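Participant: Sequences listed follow chains A and B, in order. Take the first sequence: its position 241, counting from 1, is numbered 241 in my numbering, and each next residue is one higher. Numbers in my numbering are just positions in the second sequence, counted from 1, shifted up by 254. Each residue gets a CB set at the ideal place from its N, CA and C atoms; glycine is no exception. This one's a predicted model, so the numbers in the text were calculated from it and none came from an experiment. Before I ask anything, here is the structure I am working with.
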Amino acid sequence: MPIIKANNLVKTYKDPKDSNKYLKAVDGISLSINAGEIYGILGPNGAGKTTTLEMLEGLKDIDDGTAFINSINVSINPYQVKQVIGVQLQANEYFDNMSLSELLNLFSALYSSSNDPMELLNKVNLGDKASAKANELSGGQKQRFSIACALVNNPLVLFLDEPTTGLDPQAKRSLWDLVLDLNKMGMTIVLTTHNMEEAQVLCQRIAIMDYGKIIAEDTPQNLILQHAPDKQREVISGNMEDVFIALTGHGLRD
Amino acid sequence: MFSKPQAYLTKVFIQIFLRNKQYIIFSLILPLLILGIVGLNDGDADPIDIGLVNNSESNLSQEFIEQLTSNNIFNVIQDSEDKLRTDLINGDLMVVLIIPRAMNIEIDNLNIKLLVDKSQTQFIQTIEPILNQSLLSIERKITGNTPMFKLVVEDVKSRTLSYIDFLLPGIMAFMLMNLSIAGSGFNVVEFRRRGILKRLFVTPIKPIDFVISIVIARMVIVLGQLSIIFSFALFILDANVVGNIFNLYFVIVLGILMFLTLGFSLGSLAKTQESVGVLATIFIYPQLVLSGVFFPLESLPIFIQPFAEILPLTLVADAMRSIANDGLQLVDIYSNFIGIAFWIVIGMLVSTKLFIWKEVAG
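Listed below in structure tokens is the structure:
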């Protein structure tokens with residue numbers, strides 16, 4: 001039974017260069033993600049990964065198609081969906097002059113619930129930073145804190161948008177451990193990433209997106225077998241990066 | 255009626271404000287300074303410096319000089335013509351009077367020469383009648399004529415109103431506008447730019463929850479700031495309020511509500527912190543001149559007056575002044591309330607139609 005089910009999602013924007021033209025940021029995406037899975041969405045910049053997540057999260061209107069999370073229709077009941085999901089956004093800024101535990105209390109209150117901030121901070125290894133301010137944290141600590149914020153409502157599904165971008169190797173590994181721990185406790189996790197190693201290590205299934213469409217979807221292993229071109233016979237040395245380049249080409253996207 | 259998320263968010267907004275000590279101090283300095291300067295002034299105008307060259311040695315000229323010196327309006331400086339001319343050109347003096355050598359009772363139609371700097375035309379227009387009046391009364395005294403007319407000035411409001419009493423409601427209205435605009439428009443644009451607004455709307459709160467919380471928080475904050483200014487004026491500067499203070503606060507609360515919604519509109523129109531700054535300047539400065547806070551509305555060109563009368567700041571300042579200075583009741587100023595309600599509706603329409611909710615909250 002999939003916990004996330006999306007059918008032909010479409011998001012259209014006006015072309016900033018020509019107001020008569022429309023661009024499809026997301027062009028007919030269908031997803032079926034099982035409870036307890038770690039699902040990765042890979043893709044070059046501008047492929048539509050974040051827009052897809054934000055439609056599922058109820059942050060952006062769905063122009064066409066349907067999305068259900070835990071059998072709740074996202075377009076019809078976005079506020080109910082928000083109750084059962086946790087979201088970590090790419091931008092992680094918080095109110096100034098407030099400590100981590102105060103911010104966690106605030107986010108709990110916004111769900112009309114209460115949660116022990118210390119327990120959440122310990123979970124993400126920030127127990128000693130309870131009275132620190134968010135802007136005093138390092139990059140890795142900030143990402144872990146934003147996961148703590150996403151956990152205040154004990155969500156069924158956790159969305160992570162490029163959680164390890166800009167982190168050093170240690171911080172990256174510690175975040176992977178955290179994601180795996182949360183998954184072990186039964187949480188469904190959907191993440192976007194540019195990091196192939198991350199996708200390979202964490203995700204049970206991966207969708208590769210380009211120009212608003214899913215161009216491949218499978219387990220990392222099968223993707224490597226099918227797409228890593230010159231290395232098909234030596235599976236061990238082929239990796240997700242080869243798959244990614246083979247599918248999306250070598251051209252720069254930024 | 256007040257949900258837990260709303261109450262908590264309100265508390266947080268107030269908390270954030272109270273922790274920003276620098277902002278609190280800076281927001282109070284200017285109004286306190288303006289009131290302080292006005293309040294500590296005794297209210298009398300400074301005497302006008304005028305130069306006097308006495309070329310005559312007659313008794314008449316002596317008497318004229320004595321009369322002139324005893325007048326409080328003038329501070330008479332006697333010196334040589336050359337010296338005083340230089341002072342006039344340098345701008346140290348406004349006018350120089352030259353008494354001719356032949357100042358004598360026997361000569362009719364005596365001309366007393368007045369040296370002026372024509373760039374000060376406006377000032378001279380005001381001072382000339384006073385000088386003429388002085389000359390006339392001196393003449394009457396000397397010739398022993400009694401004047402036919404006398405002007406008795408009677409204040410129909412018949413109570414003492416000092417300049418600070420006049421200025422206080424206006425300054426409070428002006429401050430109320432600045433603080434409300436800064437608290438809504440600027441805050442929202444900043445929250446949006448930094449992605450804080452988006453983070454809030456990841457949770458199941460609705461845009462209306464956010465608006466209610468920030469409006470209530472800002473209301474409490476601005477009321478606190480205004481009360482500090484008000485107490486300073488009442489207790490330290492001895493300002494007088496004729497009308498009912500609760501009525502005054504009723505107008506203040508409505509005024510804050512109006513400027514908060516207008517501030518949200520500015521924040522909705524502007525995409526960046528820079529452009530909200532420019533928009534706020536366009537909104538605030540014309541009102542500073544046109545609202546009658548510092549200059550009376552009657553001094554404005556006729557064609558602009560009807561426009562000036564419906565400006566948000568004019569409506570609030572006028573209502574506050576009517577209560578504080580004239581002791582009017584709320585029913586007497588109902589037209590101001592209609593105007594304020596009109597602006598609140600405009601503010602709500604613009605901010606809900608244009609607001610970034612669609613961008614950040616789906």
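#1: Can you tell which of 388/B, 571/B, 327/B and 441/B has the C-alpha that lies nearest to the C-alpha of residue 429/B?
#2: Quick one: what does DSSP say residue 211/A is sitting in, helix, strand or coil?
#3: Check whether the Cβ of residue 591/B lies closer than 7 Å to any heavy atom of the ligand FMN, and answer yes or no.
#4: Can you give the beta carbon distance from residue 369/B to residue 342/B, rounded, assuming they're within the 8 Å contact cut?
#5: Based on DSSP bridge pairs, tell me the residues matched to residue 13/A.
#6: Taking Cβ positions only, does residue 96/A come closer than 8 Å to chain B?
#7: Check for me: the beta strand (DSSP E) holding residue 161/A runs from which residue to which?
#8: Just list the beta strand (DSSP E) runs in the region 74 to 160 of chain A, keeping only unbroken ones of 3 residues or longer that don't cross its boundaries, in chain order.
#9: According to DSSP, simplified to helix, strand and coil, what is residue 232/A?
#10: Name the chain A residues whose beta carbon is nearer than 8 Å to that of residue 450/B?
#11: Contact criterion: CB-CB distance below 8 Å. Does residue 13/A meet it with respect to chain B?
#12: Using a threshold of 8 Å, state whether the C-beta atoms of residue 61/A and residue 10/A are closer than that.
#13: Leaving out the 5 sequence neighbours to the left and right, which residues in its chain are closer than 6 Å to residue 616/B when beta-carbon positions are compared?
#14: Kindly confirm or deny that the region 460 to 472 of chain B and the region 532 to 542 of chain B touch, where touching means at least three C-beta pairs closer than 8 Å.
#15: Counting C-beta neighbours from all protein chains within 10 Å, is the total for residue 387/B 16 or more, i.e. buried, or is it exposed?
#16: Is the Cβ of residue 440/B closer than 8 Å to any Cβ of chain A?
#17: Which runs of the beta strand (DSSP E) at least 3 residues long sit entirely within the region 297 to 328 of chain B? Give them in chain order.
#18: Have a look at residue 107/A and residue 145/A and give me their C-alpha separation to the nearest angstrom.
#19: Within 8 Å of any Cβ in chain A, is that where the Cβ of residue 270/B sits?
#20: Determine which residues of the region 105 to 125 of chain A have a Cβ less than 7 Å from any Cβ of chain B, and write them out in chain order.
#21: What runs of the alpha helix (DSSP H), each 4 residues or longer, lie entirely inside the region 384 to 460 of chain B?
#22: Here's the rule: buried if 16 or more other CB atoms are within 10 angstroms of the residue's CB, otherwise exposed. What is residue 577/B?
#23: From what residue to what residue does the beta strand (DSSP E) around residue 59/A run?
#24: Are three or more beta carbon pairs between the region 490 to 501 of chain B and the region 182 to 193 of chain A nearer than 8 Å?
#25: Of all Cβ atoms in chain A, is any one closer than 8 Å to the Cβ of residue 469/B?
#26: Just the chain A side, please: which residues come within less than 7 Å of residue 258/B by C-beta, in chain order?
#27: Using Cβ-Cβ distances below 8 Å, what residues of the region 34 to 52 of chain A are close to chain C?
#28: Residues of the region 136 to 151 of chain A with a CB closer than 7 Å to any CB of chain B: list them in chain order, please.
#29: From residue 8/A to residue 89/A, what does the alpha carbon distance come to, in whole angstroms?
#30: Under 8 Å by Cβ, that's how I've got residue 305/B and residue 338/B pegged, so tell me the actual separation to the nearest angstrom.
#31: Pairs of beta-carbons, one from the region 446 to 462 of chain B and one from the region 553 to 570 of chain B, closer than 8 Å: are there three or more?
#32: Quick one, which of 241/A, 28/A and 47/A has its alpha-carbon nearest residue 211/A's?
#33: Label residue 19/A either buried or exposed according to how many other C-beta atoms from any shown protein chain fall within 10 Å of its C-beta, with 16 as the threshold for buried.
#34: How do the region 311 to 330 of chain B and the region 263 to 270 of chain B stand: do at least 3 beta-carbon pairs fall below 8 Å, yes or no?
#35: List, in chain order, every chain B residue whose beta-carbon is nearer than 7 Å to that of residue 133/A.
#36: Quick one: grab the DSSP three-state call for residue 164/A.
Facilitator: The short version:
#1: 571/B
#2: coil
#3: No copy of the ligand FMN occurs in the structure displayed, which carries no ligand at all.
#4: Residue 369/B to residue 342/B, Cβ: 6 Å. Contact.
#5: 23/A
#6: yes
#7: 157 to 161
#8: 85 to 88
#9: Any answer about residue 232/A is weak, because its pLDDT of 49 lies below 50 and its placement is not dependable; what the coordinates show is given next. Here residue 232/A sits in coil by DSSP.
#10: The answer, in chain order, is 93, 94 and 95.
#11: Answer no: the Cβ-Cβ gap between residue 13/A and chain B never drops below 8 Å.
#12: no
#13: For residue 616/B, the pLDDT reaches just 36, beneath the cut-off of 50, and the residue's location in the model is therefore unreliable, leaving the point undetermined.
#14: With the cut-off at 8 Å, the region 460 to 472 of chain B and the region 532 to 542 of chain B do not touch.
#15: By the neighbour-count criterion, in which a residue is buried when 16 or more other Cβ atoms sit within 10 angstroms of its Cβ, residue 387/B is exposed.
#16: So, not an interface residue.
#17: 302 to 308
#18: 12 Å
#19: Yes, because at least one Cβ of chain A sits closer than 8 Å to the Cβ of residue 270/B.
#20: 106, 107, 109, 110, 111 and 112
#21: 417 to 435, 441 to 447 and 450 to 456
#22: buried
#23: For residue 59/A, there is no enclosing beta strand (DSSP E), as DSSP marks it with neither H nor E.
#24: no
#25: It does not; no Cβ of chain A falls within 8 Å.
#26: Listed along chain A are 109 and 112, each with a C-beta nearer than 7 Å to that of residue 258/B.
#27: No chain C appears in this structure, whose protein chains are A and B.
#28: Residues: none.
#29: 24 Å
#30: 4 Å
#31: no
#32: 47/A
#33: exposed
#34: The region 311 to 330 of chain B, when compared against the region 263 to 270 of chain B, does not touch it at the 8 Å Cβ threshold.
#35: For residue 133/A, no chain B residue has a C-beta closer than 7 Å to its own C-beta; the minimum C-beta separation is roughly 10 Å.
#36: coil
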